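With UniProt numbering applied, the sequence shown covers 13 to 344.
C-beta: ideal position from N, C-alpha, C; glycine also.
What you are looking at is a predicted structure, and each value in this text was computed from that prediction instead of being measured.
Below is one structure, written out as structure tokens, with a few remarks after it.
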Amino acid sequence: RPRVLSGIQPTSGSFHLGNYLGAVRQWVDLQKDNDAFYMVVDLHAITVPQDPAALRENSRVSVAQLLGAGVDPEHCTLFLQSHVPEHAELGWVMNCLTGFGEAARMTQFKDKSAKQGSDSTTVGLFTYPVLMVADVLLYQADAVPVGEDQRQHLELTRDLAERFNTRYQPTFTIPKPYILKETAKIMDLQDPTAKMSKSAASPKGLVSLLDDPKVSAKKFKSAVTDTDTVVSYDEEKKAGVSNLLRIHSALSGQSIEQLVAHFEGKMYGALKTELAELFTEWVGPFQQRTREFLDDPAELDRVLAVGAAKAREVAAVTLETVYDRIGFVPAA
Ligand code: TYM
13 RPRVLSGIQP TSGSFHLGNY LGAVRQWVDL QKDNDAFYMV VDLHAITVPQ
63 DPAALRENSR VSVAQLLGAG VDPEHCTLFL QSHVPEHAEL GWVMNCLTGF
113 GEAARMTQFK DKSAKQGSDS TTVGLFTYPV LMVADVLLYQ ADAVPVGEDQ
163 RQHLELTRDL AERFNTRYQP TFTIPKPYIL KETAKIMDLQ DPTAKMSKSA
213 ASPKGLVSLL DDPKVSAKKF KSAVTDTDTV VSYDEEKKAG VSNLLRIHSA
263 LSGQSIEQLV AHFEGKMYGA LKTELAELFT EWVGPFQQRT REFLDDPAEL
313 DRVLAVGAAK AREVAAVTLE TVYDRIGFVP AA
């Protein structure tokens, strides 16, 4: 069975709708027919300052949300990145294979560090994509389900895998991004030219999955659209409406064409109201399941222990091969 791997940061506690539609939903689908490895990337989280108690809590809340969304530890390997030391170890090897300029070209780093200023930007943030490379290559993943914003990091992953394979000998599977066009980039509800993100300018543009559903319903109803009135799909001229249509389509299973026909002769308000209802119907049960997992910390710990053990079995084999090919003396 093909191997898939992906990761999500625990930084904000609640996932947002972009995380779910862009990535986590695909994780749930892919676990059926693939050998799937999914993790909460706590090592990545500390590239920016984290309060220890909040990090611990957010990591657990993240795992609970993955379970609540339908990630099933019976059908995949679910773990915390820090439980598998091979990530940091292969990360170091990959750092030594990455050009400084190559890392400096990563647009997410450029954006984030520009906002922070160079004295508060850590070296960890700079090498963040290289750790992600290690995450993927450790498991010899064939495909990596992510949103559009991770595409460049996966190109780096492919480049470094090929570089290692050429410099030493064929060792790594070259992974492919698995990015679904329709949900690859969910936009901010207040600024449909920017992707939905936890660092949004206005909290009204961000739909957090653990918020009171009434709050989120309001955000859908006050989403920024345009001065036209016809519901139609045009990503350039009608970015706001098109974003709402894509979200509706993802949640309802109806195609964009069906939706455009359905909303013919109706105003934007009808689209927003329906979307708010659809989201509320989905998010209620999601929150309920997430809460149940959070209320059973012993079960959560058990899931994570099983996941870490399974992940380490695979990761250790890859790392041992890598160390050998590099020329390290085997530990007796
Ligand atoms: P993170 O935690 O920022 O986001 C998790 C996933 O959500 C996707 N995403 C979006 N998709 C559509 N529209 C949006 N507005 C949106 N915002 C976020 C992201 O693309 C991602 O798939 N570097 C990764 C975590 C990571 C990883 C890995 C992923 C670490 N190691 C190995 C894959 C494989 C990140 O920060 O994702």
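Note to self: At 3 residues or longer, what runs of the beta strand (DSSP E) sit wholly inside the segment 171 to 208?
What the structure shows: Taking only runs of at least 3 residues, the beta strand (DSSP E) segments lying wholly in the segment 171 to 208 are 188 to 190.
Note to self: For a test of the three-state rule: what should DSSP assign to leucine 221, helix, strand or coil?
What the structure shows: Residue state, collapsed to three classes: coil.
Check: Between Ser132, Ile259 and Val16, which lies nearest to valine 158 when the distance is taken from Cα to Cα?
Finding: Ranked by Cα distance from valine 158, the first of Ser132, Ile259 and Val16 is Val16.
Item checked: Continuous alpha helix (DSSP H) stretch holding methionine 279: start and end -> If you look at methionine 279, you'll find it isn't in any alpha helix (DSSP H); DSSP assigns it neither H nor E.
Next item on the list: Between the Cα of glycine 19 and those of Val83, Ser254, Gly217 and Asp63, spot the shortest distance and give me the residue it belongs to.
Entry: If we check each option's Cα against that of glycine 19, Val83 comes out closest.
Checklist line | CA-to-CA distance, lysine 197 to aspartate 161, given in whole angstroms | finding: CA-CA distance, aspartate 161 to lysine 197, rounds to 8 Å.
Item checked: Segment contact, 8 Å Cβ cut-off, at least three pairs: the segment 94 to 102 with the segment 317 to 329 -> A contact exists between the segment 94 to 102 and the segment 317 to 329.
Next item on the list: Report yes if the CB atom of leucine 222 is closer than 9 Å to the CB atom of glutamine 300, and no otherwise.
Entry: No, the pair does not count as a contact, with Cβ atoms beyond the cut-off.
Item checked: Whole-angstrom distance between leucine 109 and aspartate 246, CA atom to CA atom -> If you take the alpha carbons of aspartate 246 and leucine 109, they lie about 43 Å apart.
Check: Just how far apart, CA to CA, sit lysine 124 and aspartate 336?
Finding: So the two alpha carbons sit approximately 36 Å from each other.
Check: Just to check, is the beta-carbon of glutamate 160 closer than 8 Å to a non-hydrogen atom of the ligand TYM?
Finding: Glutamate 160 Cβ: within cutoff of the ligand TYM.
Check: Helix, strand or coil: how does DSSP classify proline 157 here?
Finding: In the structure shown, the three-state DSSP call for proline 157 is strand.
Notebook entry, point to check: Using 8 Å as the threshold, is the segment 51 to 60 in touch with the segment 286 to 294, meaning 3 or more CB pairs across them?
Noted result: In the pairwise beta carbon analysis, the segment 51 to 60 is classified as not touching the segment 286 to 294: fewer than three pairs are separated by under 8 Å.
Item checked: Beta-carbon separation (whole angstroms), leucine 256 vs alanine 235, contact threshold 8 Å -> In this structure leucine 256 is in contact with alanine 235, their Cβ atoms being roughly 6 Å apart against a cut-off of 8 Å.
Note to self: Please report the distance separating the alpha-carbon of glycine 129 from that of alanine 116.
What the structure shows: Their Cα atoms are separated by approximately 15 Å.
Next item on the list: Grab the span of the alpha helix (DSSP H) containing valine 52 for me, first residue to last.
Entry: Going by DSSP, valine 52 is part of no alpha helix (DSSP H) but of the beta strand (DSSP E) stretching over 47 to 52.
Next item on the list: For histidine 56, write down the residues that DSSP places opposite it in a beta bridge.
Entry: Paired residue(s): none; histidine 56 is not in a bridge.
Next item on the list: Determine, using beta carbons only, whether residue 1 and alanine 66 come nearer to each other than 9 Å.
Entry: With the chain running from 13 to 344 in the structure shown, residue 1 is simply not present.
Next item on the list: Drop a sphere of 10 angstroms on the beta-carbon of methionine 279, count the other beta-carbons inside from all chains shown, and report buried for 16 or more, exposed for fewer.
Entry: By the 16-neighbour rule on beta-carbons within 10 angstroms, methionine 279 is exposed.
Margin query: Taking 8 Å as the cut-off, is the beta-carbon of serine 209 closer than that to any non-hydrogen atom of the ligand TYM?
Written below: At a threshold of 8 Å, serine 209 counts as near the ligand TYM, since its beta carbon sits closer than that to one of the ligand's heavy atoms.
Notebook entry, point to check: At least one CB of chain C closer than 9 Å to the CB of cysteine 88: is that the case?
Noted result: Of the chains in the structure shown, none is chain C; there is only one protein chain.
Check: Do valine 243 and glutamate 276 come within 9 Å of each other at the CB atom, strictly closer than that value?
Finding: Yes, the Cβ-Cβ distance between glutamate 276 and valine 243 is below 9 Å.
Next item on the list: May I have the straight-line CA-CA distance separating glycine 265 from glutamine 77, to the nearest angstrom?
Entry: If you draw a straight line from the Cα of glycine 265 to the Cα of glutamine 77, it comes to about 22 Å.
Note to self: Only counting the same chain, and skipping five residues up and downstream in sequence, which positions put a Cβ closer than 6 Å to that of leucine 79?
What the structure shows: Correct list, in chain order: Phe305.
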